[in-house]
Amino acid sequence: MKKLFGVFALVSIISLAKAQGLQSFLPSGKYIGTAVNDNFFNNPSANGADYETIVKKDFNVLVAENAFKMGSILANKPADPLNLKLSDLNLSYVDKLISFTQSNNIRLRGHNFVWYAFPPSWLTTEAANWSEAQLYSFTKQYITLLAGHCKGKVAEWDVVNEAINDNSTPALRSADTWYAKATSPQAFIDSCFYYAHAADPSADLFYNDYSIETSYSNKQSSMLTVIQGMVDRGVPINGVGLQCHFESGVNTGDWVYTEVGKVMDKLGVMGLKCNVTELDLRICGSASSITEQADEYKHFVNILLTKSNCNSLLLWGFTDKSSWIPGFFSGCGEALIYDNNYQPKPAYTAMKEALQASNSVKITNANSIAAVVYPNPSTGNFMLSSSADILKISVFNVQGKEISVVENVKEGFGENFSQGIYLLKIVDVYGNERYEKIEKR
Ligand code: 9MR
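Counting in my numbering, the sequence shown runs without a single skipped number right up to 466 at its last residue.
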């Protein structure tokens with residue numbers, strides 16, 4: 026018992042060192058992350074020291090905003106693009122993020138192997154002269170080299186990004202892509218997944234896109250048809266990423282959260298994961314406020330926590346000091362959870378509160394003994410709030426075995442309960458007894 030206490034004390038000290046960042050409140054198997062910007066790789070002093078401190082404190086999954094894209098990795102034209110060598114790939118930023126995530130015990134997401142947009146400038150001209158077989162050969166070599174280099178270090182990859190047409194007819198882009206020589210864009214996409222799987226069989230492979238989050242966009246039905254087809258053909262796909270670049274107060278609200286939940290369920294039925302991969306909630310003019318935005322961010326945390334096939338919620342950056350939004354949407358900004366000076370915004374607090382609340386234990390049906398148990402944010406113990414003084418709480422596991430008795434409960438209890446369902450026998454000072462179910466999540 027003494028030894029066990031020692032272990033708990035040690036775990037507590039380590040937890041405190043993590044300074045109660047967002048990720049410290051997550052149940053196991055769930056991840057909250059951010060994209061790291063270009064300065065992280067080539068000009069950290071422009072970000073300032075707070076940038077890295079916040080990344081380590083709050084997030085347990087990272088993705089590079091640009092550094093893993095073909096436009097960065099093959100920015101320089103290789104001597105022979107149809108005979109690619111590992112040394113043709115500029116992997117310095119990739120390796121930097123691999124080593125950062127490994128030394129800080131952070132999960133790494135790769136974005137992306139194939140994207141019609143922003144290819145290396147030489148590729149569009151070059152690929153227009155290739156045969157279809159040469160296009161396939163180049164793509165296979167690129168994915169094989171990069172996925173192989175990152176094998177076991179990148180937990181999940183966006184294999185193909187934004188391949189579906191905005192106007193949905195036909196479903197897949199072709200003429201506006203560097204891979205237009207593929208007579209069947211679908212066969213080309215399938216192949217990309219096969220190449221990635223062969224190079225790193227343990228990585229989760231994703232299709233990632235925007236405007237697929239709700240059924241009000243025609244793109245969603247195209248996506249479901251495309252993905253169902255891939256599943257039916259046995260293509261090694263593990264999930265779909267919903268980018269979720271939304272305008273606060275405009276493309277938000279209960280209907281959106283419900284819709285996001287529904288598409289996650291539909292993909293779950295196909296046996297797939299569905300993650301939020303690029304969330305930001307831009308504020309444009311007076312359409313919203315940072316208070317409204319806070320509530321919206323909270324809903325996305327709840328989606329992460331309640332959807333079993335959603336394991337990650339990634340933000341497209343975390344600080345308004347560095348975001349693609351103002352440069353892309355004129356008059357819009359403030360899309361993220363820290364302000365320009367790295368001060369947490371209401372959105373940050375709301376996310377944290379949603380995560381803390383998810384750790385709470387609820388006592389149900391407590392009529393004569395109205396009692397609520399909630400987590401003490403600084404210790405992780407459970408606190409009891411009751412209308413009557415409680416004499417004793419006995420805790421039973423689901424097998425009915427009494428595993429703990431706490432007497433004269435005035436302060437915290439329950440720090441050593443693992444996740445699960447328990448039965449409490451609560452006795453107050455007047456001898457009233459109640460049996461209540463509690464769930465530690
Ligand atoms: O935020 C990224 C921006 O810095 C880049 O200039 C741009 C082109 O590479 O890509 C932006 O990220 C996009 C992401 O890769 C895919 N979904 C949309 C994102 C915002 O445009």
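Even for Gly, the Cβ is constructed at its ideal location relative to N, Cα and C.
Open item on the list: If you reduce the DSSP assignment to three classes, tell me which class I308 lands in.
Closed with: strand
- [ ] Throw me the rounded Cβ distance for the T169 and W203 pair, which I believe falls under 8 angstroms.
- [x] Not really, about 18 angstroms apart at Cβ, beyond 8 angstroms.
Open item on the list: Tell me the DSSP secondary structure of F271 in three-state form.
Closed with: strand
- [ ] Kindly indicate which residue of F353, N186, P103, L267 has the alpha-carbon position closest to the one of N334.
- [x] L267
Task: Assigned exposure category for K365 - 16 Cβ within 10 Å defines buried - done: Per the sequence presented here, residue 365 reads as Asn, with Lys not at that position. Counting Cβ neighbours within 10 Å, N365 comes out exposed, since fewer than 16 surround it.
Task: Touch test, the stretch 299 to 306 against the stretch 256 to 263, Cβ-Cβ under 8 angstroms, three pairs minimum - done: no
TODO: Going by CA-CA distance only, name the one from T331, P52, A312, V185 that's closest to V251.
DONE: V185
Task: Whole runs of the beta strand (DSSP E) within the stretch 209 to 239, excluding any shorter than 3 residues - done: 229 to 234
Task: Straight-line gap, A142 to E187 (C-alpha atoms, nearest Å) - done: 8 angstroms
Open item on the list: What I want to know is whether the C-beta of E90 ends up closer than 7 angstroms to one or more non-hydrogen atoms of the ligand 9MR.
Closed with: yes
Task: Heavy atom of the ligand 9MR within 7 angstroms of E238 beta-carbon - done: no
Task: Boundaries of the beta strand (DSSP E) in which S337 is found, first to last residue - done: 337 to 340
Task: Range covered by the beta strand (DSSP E) that runs through K102 - done: It is not in any beta strand (DSSP E) - K102 carries neither H nor E in the DSSP assignment.
TODO: Thinking R134 and A180 are a contact (beta carbons under 8 angstroms), I'd like their distance in whole angstroms, please.
DONE: 7 angstroms
- [ ] Identify, in the order they occur along the chain, each residue of the same chain with its Cβ nearer than 6 angstroms to the Cβ of K176, setting aside the five sequence neighbours on each side.
- [x] D225
TODO: Consult DSSP for V452 and reduce its assignment to one of helix, strand or coil.
DONE: strand
TODO: May I ask you to list the residues that DSSP assigns as paired with S429?
DONE: V420
Open item on the list: On the criterion of 16 or more Cβ atoms from any shown chain inside 10 Å, does I57 qualify as buried, or is it exposed?
Closed with: buried
Open item on the list: Can you check which of these residues, H324, K121, P351, is closest to W280 by C-alpha distance?
Closed with: H324
TODO: Leaving aside the five residues before and after D234 along the sequence, list all residues of the same chain whose C-beta is less than 6 angstroms from its C-beta, in chain order.
DONE: E187, I189
Task: N-terminal and C-terminal residue of the alpha helix (DSSP H) that N67 is part of - done: 64 to 67
Open item on the list: I need the straight-line Cα distance from Y76 to Q127, nearest angstrom please.
Closed with: 18 angstroms
Open item on the list: Applying the 10 Å Cβ sphere with the 16-neighbour rule, what's the burial state of T59?
Closed with: buried
Open item on the list: Can you find the residues in the same chain that come closer than 7 angstroms, C-beta to C-beta, to L249, ignoring five residues on each side of it along the sequence?
Closed with: K291
- [ ] Report the residue from G173, V119, K206 whose alpha carbon sits nearest the alpha carbon of A152.
- [x] K206
Task: One or two residues paired with W182 in a DSSP bridge - done: G135, L230
- [ ] Check whether the Cβ of G358 sits closer than 7 angstroms to any heavy atom of the ligand 9MR, and report yes or no.
- [x] no
- [ ] For F353, count neighbouring C-beta atoms within 10 Å of its own C-beta (all shown protein chains included) and say buried if the count is 16 or more, exposed if not.
- [x] exposed
Open item on the list: Between F143 and the ligand 9MR, is there a pair consisting of the residue's CB and a ligand heavy atom that are separated by less than 7 angstroms?
Closed with: yes
Task: Inter-residue Cα distance where the pair is T239 and P52 - done: 27 angstroms
TODO: Mind reading off the beta-carbon distance from G54 to N336? Whole number of angstroms is fine, and I expect it under 8 angstroms.
DONE: 6 angstroms
Task: Beta-carbon proximity list for P106, same chain, < 7 angstroms, skipping 5 on both sides - done: E151, F163
Task: Cβ distance (whole Å) where N243 is taken to contact S193 below 8 angstroms - done: 4 angstroms
Open item on the list: So for P481, helix, strand or coil by DSSP?
Closed with: Lying before the first or after the last residue shown, residue 481 is absent from the chain, which here runs from 26 to 466.
Task: 8 angstroms contact criterion, which D215 and V265 should meet: CB distance rounded - done: So it is not a contact: roughly 15 angstroms between Cβ atoms.
Task: Beta-carbon separation (whole angstroms), V61 vs L122, contact threshold 8 angstroms - done: 7 angstroms
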